[in-house]
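Remarks on the structure that follows.
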């Protein structure tokens, strides 16, 4: 303490001496130059007289500007609009006034010649809040950002070792007088890494600044407000537009994969237009689909189900609230985490007008296709598939066997093809190159207090099979208006229309199930293929004239016909809009009302033509589903912001109302007279009409209070409580309170941590909080007659209405409690930064669909019946490895590990095997028999004792009782939850070139693979198979050479436990993308009025490392029916700015 | 300050009325308390009770027919649950064991919901009677299948997780009381789809007959059964030709006492999901969707055993009435072409009847020259045949030629044929069995010969239980009675071992504790979900 005091005194004295010396210098200069010279004086010397009452900061600055030559420069959003100054000063130095303001408004001033640069200050040491720099000789230049190649305004340019400096203007240009050629210029700006350049003989020095990865000044959305990252107490991760855009994905969510610790993002199918699972800190929902674990998405304040419909290029920033202490302010809504999406525009728009165009076109090629059986191999498989089950499995003669297998009478063509090994490549017939493109135009404009932003985008994507694609238009509009000092208003709207064609749900499946001897073509009477003429059922091939079977194997529909004649088209409109009105009656009070609304409408039409599987049995049929969802939120908030000495307070009161309303209607018919897609459902016979519509509405009413308190810039406390009432819960149990408290300790501000290059920043965080969930269908607590039953009395219909589920009159909130410890650090002048978080979250009273005892006559009830724990660790680390004017290289790593366990069910520590839920195990645990090989011929006796035979799948007799039974021999085999995930990104810039590489790894995924269940299903004789090296063939009299296998059973004599074969490790490492960009030199593009032009090539998913044999390990856990093959996308694009 | 007041008042406004704000608004549905108290609402609940019958009957046949002397799995194409058809692997987790347990308890809850609202809704006697009938019918099937189960006589309106077991005797008492209440309340109109007194009499006869074989039988059960059966017959003689009874358009014939109704007017709303699938069973696979319009979908389950076919003698019109002896070019030709013109059609498959001798075969081939001739012994479940299409004889009684082709596993409920639960011929056979049990063999003979007289076969001169069971086999083949008939009469083990091709040894019935696997096990899932861990499994499975 003593030491500090001494230091302060010495520094003050030094400042005084410098100040005096400067004054003397300038005095001399002034005298020498004469009176016509532009006089630049220190704020310490220029005196003013002011009397301000209840003045805003802008008014204060304007007052000074009126009396002096000084001009203030600052970023609008850094200035607290609510601060009000009362100050009287009579003929005293400007500096005195500035220091007074600096105390009140936490600001720092820096005079550079006549420019006074204003910054936010976190510095409790008063004298650091004013700096004066006045100088002499001339260098000019422009500072541009490596991020967007635009000029950077407000960059401090200082001659190293002096206080001599200036700031760049709006375009990033500067003029500075320096002492001599040996001078070194330092360029620094908050949010950017500093640069140093030796002046030498140059008179023009252009500098490119890279964004500073530490970004402590970064503004983070925390729910009903923002905070600087350095003031955060909770666990919040962010991704900016650059991170999102550089990945080149058509879905913003996909771009976050691996980039943010603690968030698992996974594609379920690989199909165009399908959603991603977005999971923060593990799953807490035991039942329900994956979407039940999706977080709350808040786009510009509007709640939406997902952000799939946004154009990634429109997104300015995504902030993800991971821990309960930060989520608690969202109380009821926050239990799966909250994802804030800010679209571009709003208050952050810089002055002037700028236009940017970003576009790319990508070619999507299939990749890493699993090897399937060759015709020869499949023929052998097919033969061997008949041994086990014909003639009781024994003693076929070669002739009998040939008769049985080939069944000459009705399989003549198949026999021919067998003999000629005439195979057909279904991959080749069905798979195509796809494409994707995204073009986005953005116009920003600011003029004083008014700003607007406009974004228009068009995305197009097609899949790797025909009749599958997406078209999307997006329109974004933002405006911001400062009416006067007290009133401010703004509005933001995002509209998107999408058309998604999903084609036939069977197409892909059927294509790869057909065996290689079946071709899509019809035949003539001689059995020769008529290439080009598609045949409905290739496995039931007939001669045209006689109608006799030429092949009689399988009824599978021709996938090419299925693809061409089935449609599943969704046309969707998403619109969100929000407006706010802000009123600052007195300096320390801000009132804000925000009204936001979200609208979703889609029409999903399905149509099956005559030549599809469904059309064949039901006739031409179609259905249309219309869905509309409208929700609005009205938030009224009051903020009290006050700093008293070293105490900073920010107190928030909030009242929020949310109403969600959905309407759904569906109609369908079958047996239509002509093919009109789904555009004439009424053309079908009236007797097949099926009509239905429904309505759903729910309301939430909430109150919240939150206090942020900072002492001395070092000790941070956030405490909040939210009360929520939900219409969906039972009478008397609708309300719940969600408290939270979080503490932060800025260790690096402490004196016992000496200021050094090694430790630039060190902060400890602790958070505790509760969040709730009421994710249950409305009307679950009331016995609602929501199910129609059908009957008739001798042809007179007699409908009935019953409740589908038992109503729960005691349904209440599900509550998650979480503890989070975090450490943020910055080292080596922020060259290394990162954070570590540890958390433990327990979800209690989880609302799940409890299966009821059969005697009740009901299947399910929504009950508060489960307890799930997620705990884990998250690490993120960013390093700036090289930073020179020409070369920068940054890398970032993320690591997340989460352990998920079911703690109790229905109030007891007993597993619910029926539902697959095991106490102490993950929600996603795989529970089954354990594969132990294939019963070999020498083991026949032992096999028989297990009711098995040679060639059957053998599973482990876990309890060694000589029998396999469900109760004792099934075990936890593993879990679909990854044991850990990690991401790595490298960004290298060399001169005008940039090279980015990102990779993502998911480890320890163990899953039942539907793909394998289909393609190594040895109980089937007629479908295509994965190219397995061997399978079991016993010795036989039918002339098929025996084969030993300990991995795959005897075809069609597999035994009962084949499912044990289908569990696979689906861990993987993906190189997500490699992009190479080149920015054209300014000298080239300047002439044509272009500010910045970058061209790039980006390869998505070029390499995947995995042991998984199916289509793509990422969607190994998903449904096989709609899954698609892997692909590699090569994009070419450009970024353009005017 | 003024402003602060203004803000405060704004907040107060937004706070007030918050109770109203959180009320749920449901525009598309009503609650039970609002709807079931009205006349229309209560009738809709009654309709829902009827609709539940469609879930119990006309769906999976396995608990009703599998593992008996008449039906066995066709070789080569599985799908028939092994446990239920062959007993050795019958466990509480075997597939389909839970079928009646789940569906009957649903029906019971629906009936109890009816009783809950009956008073307020001002239910009619007919409606009260129907509710008693549904509940009794469900418990009757439960007690025969699983033994004693939980008696629930009130609607459940919260998550009850513990249930006790009642004894079989208590359940029978409950069933009889319910049926008697039904009888007292329902009307006596001509059958039009609703429960009538005759139908209730039929079931009361059957309940008493069934209980009569139990250890806790009342001495009078047989004679009470006989008198209820006579009451159900109500003096009506059998008059219809067997073909007429099973004509696809004649489900509502005068001999139907009660049936589960199916009609396009109520099943087209969800094609393939609301109909019956009775027609899909008992026969060879006939091909996939490529045969649509030519043939129905058949699943290769519940194939007639050699014994079932051998029961028929020459002249018995029921053989041709039950089985598709001749398949013409198209399967559906049998129905689409008038019977009188069948003689002119090409025969594609011919399935030889049991009574053919060598000369009959030669005569038939000479006359009809069928493309495929299947000799007797080669087209039944015992033949060990390969699973080729049309390999085995097909039961055609339930075919609906107007149904769409059952495309796949999820929408096979395509038939609009009514599921006949009680018809007059069976009532005669019940009467015969009841009189026999009551010691009146003469009347027993009269009743059974009433059936034989109209089927083209000579009268019996004496009657015993085996004679009656065989006659039931001929008359009621695959009408979802057989397992109950054998279980009731204590002949299950003996007949299954004697005639079911996959059951060759009585030891397959050996369960735990020296008990035979006669009763089905309480489904494992039901035990797992019941938190009363003292709820006993049936001894053979314990």
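Chains as they are written, first to last, in this note's numbering: chain U, 804 to 1941; chain Z, 25 to 566. Each residue gets a CB set at the ideal place from its N, CA and C atoms; glycine is no exception.
8 Å Cβ cutoff met for residue i and residue j
i	j	result
residue 421 of chain Z	residue 467 of chain Z	no
residue 1584 of chain U	residue 1503 of chain U	no
residue 1131 of chain U	residue 1644 of chain U	no
residue 1704 of chain U	residue 1810 of chain U	no
residue 1608 of chain U	residue 1696 of chain U	no
residue 1358 of chain U	residue 1335 of chain U	no
residue 135 of chain Z	residue 73 of chain Z	yes
residue 1565 of chain U	residue 1551 of chain U	yes
residue 1292 of chain U	residue 1383 of chain U	yes
residue 377 of chain Z	residue 352 of chain Z	no
residue 854 of chain U	residue 914 of chain U	no
Assigned secondary structure, residue i (DSSP; H/G/I helix, E/B strand, else coil)
i	result
residue 1238 of chain U	strand
residue 565 of chain Z	helix
residue 71 of chain Z	helix
residue 237 of chain Z	coil
residue 1382 of chain U	strand
residue 80 of chain Z	helix
Cβ shell of residue i (< 8 Å), same chain only, five flanking positions each side left out
i	result
residue 1884 of chain U	1795
residue 542 of chain Z	511, 516, 517, 533, 564
residue 274 of chain Z	268
Contacting residues, own chain, Cβ-Cβ under 6 Å from residue i (five flanking each side not counted)
i	result
residue 396 of chain Z	373
residue 1538 of chain U	1528
residue 1620 of chain U	1573, 1645
residue 1672 of chain U	1645, 1704, 1706
Cβ-based burial, residue i [other Cβ within 10 Å; buried from 16]
i	result
residue 1721 of chain U	buried
residue 996 of chain U	buried
residue 1181 of chain U	buried
residue 157 of chain Z	buried
residue 254 of chain Z	buried
residue 1350 of chain U	exposed
Cβ-based neighbour list, residue i, same chain, cut-off 7 Å, excluding 5 preceding and 5 following
i	result
residue 1589 of chain U	1606, 1607
residue 213 of chain Z	220
residue 918 of chain U	874, 876, 969, 970
residue 1562 of chain U	1551, 1556, 1630
residue 168 of chain Z	234, 508, 511
Interfacial residues, the region 1634-1667 of chain U to chain Z, with Cβ spacing under 8 Å: 1653, 1654, 1655, 1656, 1657, 1658, 1659, 1660, 1661, 1664, 1666
Residues from the region 287-309 of chain Z in contact with chain B, defined by Cβ distance under 8 Å: The chain labelled as chain B is not found among the protein chains of the depicted structure, namely U and Z.
Residues, ordered as in the chain, of the region 1556-1583 of chain U that lie near chain Z by beta-carbon distance below 9 Å: 1581, 1582
Selection of the region 1598-1622 of chain U by Cβ proximity to chain Z, strictly under 9 Å: 1598, 1599, 1600, 1601, 1602, 1603, 1604, 1605, 1606, 1609, 1610, 1611, 1612, 1613
Residues in the region 217-232 of chain Z having any Cβ partner in chain U nearer than 7 Å: 217, 218
Residues in the region 189-221 of chain Z having any Cβ partner in chain U nearer than 8 Å: 216, 217, 218
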